[in-house]
Amino acid sequence: MTETTEMPAIRTFRSDAGAPLDPELRSIIARFVVLAVLCAGVALLNENFLSVANFTNVLRQASLLFLIAAGATLVIIAGAIDLSVGAILTLSACVAAGVIHATGSSGLGIATALAIGISAGLANGILVAGLRLPPFLVTYGMLWILSGGALYYMGGIPITGFPREFRFLGSGFLLGIPVPILIMIATALAGSVVLHMTTVGQQMVMMGANRAAATLAGIPVRRNLICVYVASGACAGLAAVVALGRVNSADPGMGDPLLLPSIAAILVGGTSLFGGTGTLLGTALGALLLTIVLNAMNLLTIGSAWQPFATGIVLVGAMLADAFLNRRRS
Amino acid sequence: MLEESGSEGPVGIGSGVAGPDIGVLSAARADTPRPMMVLNGVSKSFGQMQALSQVDLEIYAGEVHVLLGENGAGKSTLIKTLAGIYAPDAGEILLDGNRLALGGPSDARRAGISVIHQELALVPHLTVEENIVLGREPRFLIPGSIDRRVQRETARRALELVGFDGDPRGKVANLTTARQQLVEIAKALAHRSRILVMDEPTASISERDATNLHAIIGDLKRRGVAIVFISHRMREVFELADRVTVLRDGRKILTTLPDATTPELLIKAMVGRSVGSFYQRLERFVAGEVILETRALCSAAGLVDMNIVVRSGEIVGLAGLVGSGRTEFARAVFGLDRRTGGDVLLHQLPLPSDPVRAVRSGIAFVPESRKEHGLALTKSVCDNLTLPALWKIFPHGFRSRRRAAGVARGLIERLRIATRSTRQPVRTLSGGNQQKVVIGKWLPIEGNRRLIIIDEPTRGIDVGAKAEILKLIEGLAAEGCGILMISSELPEVVGFCDRVYVLQSGTVRGELSGAHLTEEAIMKLAVHHDS
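Here the protein sequences come in this chain order: A and B. Take 935 as the starting number for the first sequence in my numbering and just add one per residue. Take 180 as the starting number for the second sequence in my numbering and just add one per residue.
Here it is as structure tokens:
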């Protein structure tokens, strides 16, 4: 590349009309198509799939997966990683449950969950950006610390039963739509606005694509890193509120099964693990895809032992498809 | 330290019995004046750049052969070819009269050629002993096991030869650069190397360590090892060399005996080339007020008391050899390296050490390596062109794609960047067009008294783009910006800059302008005369 010959003449350059679409837009469209085909296929095989009850259920499950993956998507786009989201959810949920039982105040419970999420994110951010420690190690260590904190706090006894107004966020309906789905849509919208329509969002993308170039361009790389970790912690705190409302119980293992599926959702959604590309809409579609595949397997009475297998196939399949499409373009 | 030459026996790894005796080699040399290694018409190009063309070289056992040349003259390519890292496009390498096909670095090592690069290649977390036998560990009974006793013995003998006085079982990471060098030499000897290539070994060690190294080189020479030595220290060259070869623009200019030449003649051979083909300034501008002033600037990266002034409308060059502190100065001003002393004044006001503040005060920094530091290669031309000026284009923090594309389109037209659309990834552009993006992205931050730092702006791009980029830089000076240009291309520095600071070892060795600004004058200041 260093010595490619110049084009003979500079082409007159007027507009981007006719230029290839943004790769990110392309990847979103591809995922929409796959999702539609998948839904149509499952609907043909099983009439219950498109029933309101089943579809609401799918969306609810996907919304929790999305919420926990949303902030982490920003972290990965900015060129780092957050492995502590599951543990943040656990600790936030457990302490919030304890606070609600002690005070009877739902508002205080929600505030507690969010505060713990934000503080844990801030700690991650300071360790990664301020002390320049590797993101993988910091957040993996944080995973153990927060899980340990939750175990200690609960003392082995789950806390169950929460007031109705608190459970509204996890299992209520607004205008006939489950509240978690509304929260998912609001989060996706807010996050997308930040990512695509603000300079800070653009900075996050660019520092993920090349940290050194962003630093040399005067981008406040460290401040932005702290911001994405705080966002990730806040999303995990919000997910804790939704999860508590849905299952009506807090136990110190509740976040563990969410970490790996959340990363799968991010990657299936087209976000690069190396940073610099990705969208929240993609993560939402990724969460939906994974949830629908598992739901379809249930409906078609395929043994649950095959579920991890299916998740793996979807994940590798998405990577292969992207690699194939990109190779053909260039 | 090596009085009993020959009687010492082999230091080779393995059984401890076989292997050519280093002492025998020197005896062999006395009888046969045939060269140990011969290069015939070796050429190597990278794309359009001819890094080596038709280089002939003879290397004899027991000689110290010094290679001299400017940055980019082809020295590094030559030694990488000897090391088997690059395969020559044409020509042949003969060892003891046999044609040598080097498929990779391990072939070269097996043939007895060891290269000690400027960046030492030891494994920091292994011990000295382990590093010495690395890759050729003596086996203990079963494959995969290591005979520690033989390892220790091999290492001890090799270390003794180079007079290493540290702990052989200590980790390499804890050693000084000079000691690490000794370990590298010991490693080469343990691998029975007959040709030792050293790339500026004395550039980064102290006087005393250099003297010690010279003594060791003398010993190795007496044992018949051929030494190819790159250095910029003139006194060292004349002390050590048996023969000197000067390279320039990938060609061998001459090979001579040190007694038959002078430092002045060598420098002339290194730089002497026609200046006519390079870009000439259209006009000179009257230097205005001071934009940048550093007072006794020191940095953690090795700058010592740097005093530099850049005025409005001036193109100031920073010349010097690789490692002289040119890029480090730019980094310290921009706030990328920690400053350890002195002041940086921008428009008479102290400039804090922070890249974000530097950009907001109008400083532009075009880095040397555009792929690592200049561009987000996977992102679009538009994304890259708007990056440093996001705050300026969108002062309220909300970004519109249409507006960004508009700014990018303006820059693409102004700089004549050859791209199909603003959405094309910069990865797909040619080198010259990429360089235009790296410079162009600073233009939306307008202002006519800005400081613009440009590191090697014309490296690796073709002649046409080179002229366009220099013209662009000149245009910025005409608007009143102060330009600080780092360049290794001496004709470019001489023809293009109003004033040049020559750096050496992290400090300013001299300032040249007007009639005093010549390539010879720069080289004289850049090389070490007194060491």
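Cβ atoms here follow ideal geometry from the backbone N, Cα and C, with glycine treated the same way. Being a predicted model, the structure only gives us computed values, none of them experimental.
{"Check": "Taking the C-alpha atoms as reference points, what is the distance between A/P1155 and B/T607?", "Outcome": "The question names Pro, yet the displayed sequence has Val at residue 1155 of chain A. So the two alpha carbons sit approximately 26 Å from each other."}
{"Check": "Is the region 565-579 of chain B in contact with the region 519-533 of chain B, if contact means three or more CB pairs nearer than 8 Å?", "Outcome": "no"}
{"Check": "Report the rounded CA-to-CA distance for A/M1141 versus B/L476, giving the unit in angstroms.", "Outcome": "30 Å"}
{"Check": "How big is the Cα-Cα spacing for B/V538 and B/F508?", "Outcome": "16 Å"}
{"Check": "What is the C-beta distance between B/Q297 and B/V312, in whole angstroms, given that I count them as a contact (C-beta under 8 Å)?", "Outcome": "Incorrect: roughly 24 Å between the Cβ atoms, too far for contact."}
{"Check": "Using the C-alpha atoms, what's the distance from B/I292 back to B/A230?", "Outcome": "21 Å"}
{"Check": "Compare the C-beta of A/I1153 with all C-beta atoms of chain B and state if any pair is closer than 9 Å.", "Outcome": "yes"}
{"Check": "With which residues is A/F1107 paired in a DSSP beta bridge?", "Outcome": "A/P1112"}
{"Check": "What span of residues does the alpha helix (DSSP H) with A/N991 cover, start to end?", "Outcome": "V986 to I1011"}
{"Check": "State the DSSP-derived secondary structure class of B/K620, mapped to helix, strand or coil.", "Outcome": "coil"}
{"Check": "What residues in the region 1053-1074 of chain A have a beta carbon less than 9 Å from any beta carbon of chain B?", "Outcome": "none"}
{"Check": "What would DSSP say about B/D346, mapped onto helix, strand or coil?", "Outcome": "coil"}
{"Check": "What does the Cβ neighbour count give for B/V404, buried or exposed, with the cut at 16 atoms within 10 Å?", "Outcome": "buried"}
{"Check": "Interface residues of chain B around A/V1265 at Cβ under 7 Å?", "Outcome": "Outside the shown range of chain A, which is 935 to 1264, sits residue 1265 of chain A, and nothing can be said about it."}
{"Check": "From the beta carbon of B/G253, is the nearest beta carbon of chain A less than 9 Å away?", "Outcome": "no"}
{"Check": "With 9 Å set as the bound, which would you pick, yes or no: does the beta-carbon of B/F577 sit closer than that to a beta-carbon of chain A?", "Outcome": "yes"}
{"Check": "State whether the region 329-343 of chain B contacts the region 391-410 of chain B, with contact taken as three or more CB pairs (one from each stretch) at a distance under 8 Å.", "Outcome": "yes"}
{"Check": "Could you check whether the Cβ of A/G1212 sits closer than 9 Å to any Cβ belonging to chain B?", "Outcome": "no"}
{"Check": "Taking only three categories from DSSP, how would you classify B/M377?", "Outcome": "strand"}
{"Check": "For the region 645-662 of chain B and the region 614-621 of chain B, state whether three or more C-beta atom pairs, one from each stretch, are separated by less than 8 Å.", "Outcome": "yes"}
{"Check": "Kindly list the residues whose CB is nearer than 7 Å to the CB of A/G1251, restricted to its own chain and excluding five residues on each side of it in sequence; keep chain order.", "Outcome": "none"}
{"Check": "What is the residue span of the beta strand (DSSP E) that B/H244 lies within?", "Outcome": "V243 to L247"}
{"Check": "Report the three-state DSSP secondary structure of A/M1188 (helix, strand or coil).", "Outcome": "coil"}
{"Check": "Could you please give the first and the last residue of the uninterrupted alpha helix (DSSP H) stretch that includes B/E271?", "Outcome": "From DSSP, B/E271 is part of no alpha helix (DSSP H) but of the beta strand (DSSP E) over A269 to L274."}
{"Check": "Can you give me the start and stop residues for the beta strand (DSSP E) that B/C477 sits inside?", "Outcome": "V469 to S478"}
{"Check": "Between B/V523, B/L566 and B/S667, which has its C-alpha nearest B/L630's C-alpha?", "Outcome": "B/V523"}
{"Check": "As a quick exercise: from B/G481, B/V243, B/P546 and B/I591, pick the residue whose alpha carbon is nearest that of B/S666.", "Outcome": "B/P546"}
{"Check": "Between the beta-carbon of B/K254 and the beta-carbon of B/V294, is there less than 9 Å?", "Outcome": "no"}
{"Check": "If you count every other CB in all the chains shown that lies within 10 Å of the CB of B/Y265, and 16 or more means buried, which is it?", "Outcome": "buried"}
{"Check": "Quick check on DSSP: helix, strand or coil for B/M702?", "Outcome": "helix"}
{"Check": "9 Å is my cut-off, CB to CB: does B/D562 come that close to chain A?", "Outcome": "yes"}
{"Check": "Using three-state DSSP, classify B/L279 as helix, strand or coil.", "Outcome": "coil"}
{"Check": "Determine the direct distance from the alpha carbon of B/S385 to that of A/G1220, and round the result to whole angstroms.", "Outcome": "59 Å"}
{"Check": "Mind listing which residues of the region 1113-1132 of chain A have their C-beta closer than 7 Å to chain B's C-betas, in chain order?", "Outcome": "M1131 and T1132"}
{"Check": "Along chain B, in chain order, which residues have C-beta atoms closer than 9 Å to that of A/T1205?", "Outcome": "Going along chain B, no residue has its Cβ under 9 Å from A/T1205, so there is no contact; the nearest lies around 13 Å."}
{"Check": "So is A/L1150 in contact with chain B if we call contact Cβ pairs under 9 Å?", "Outcome": "yes"}
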